[in-house]
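Below: the structure, in structure tokens.
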Amino acid sequence: MMKKRHSRKYNEESEYSVFIDSRCPAGVHEQCRKGNGGRCALENLRIALVGGLDRLEDKYQQAFETNGAEFRFHTGVSGGVNAIRLKTLANWADVVVFVTTVNSHNALSIVKGICRKSGKVFLAMRHSGVEQVSANVTEHLLRMKES
């Protein structure tokens, strides 16, 4: 596992933010670029995050889109019209990230079923931190390319 290399920088919103020295998340920059022909493994992928924290939606989007991916977020609520939106999102995505700690079993069965039938990448994660999610997705994609 590579060490995280980051710097703290004061931004205009009076908060300290963590800025990764590279475009790839959580210090996997060199591994990501080397394993993917000089490009980030996230480039040109459509990534859907189901669950996670609503208040971090902008941060999730920034983490993935900075690396060249398209990103969509869904809260994981699967009742009524939200089930249709969840299905549409899962069908749209190349990679579906599912945060298990904040989602229902119904949402899990909907998303997992679509991913299984269509051969999409499905990642279940316990933690919903922005850096953890983006790093886990990148590392998983790199492992897939190696095998």
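For the sequence shown, numbering that gives the first Met the number 0 assigns the number 0 to the initial residue and increments by one for each residue that follows. Every residue, glycine too, gets a C-beta built ideally from N, C-alpha and C. Since we're looking at a predicted model, the values are computed, not measured.
With contact defined as three or more Cβ pairs closer than 8 angstroms, the region 39–57 and the region 67–74 are in contact. Approximately 15 angstroms separates the beta-carbon atoms of F63 and F97; this is outside 8 angstroms, ruling out the contact. For Q131, the closest of N90, L141, G51 by C-alpha to C-alpha distance is G51. When the Cα atoms are used, E42 and G75 turn out to be separated by approximately 25 angstroms. Between K119 and A92, the C-beta spacing is below 8 angstroms. Cβ contact annotation for N90 (same chain, cutoff 8 angstroms, sequence separation greater than five): I113, S117, in chain order.
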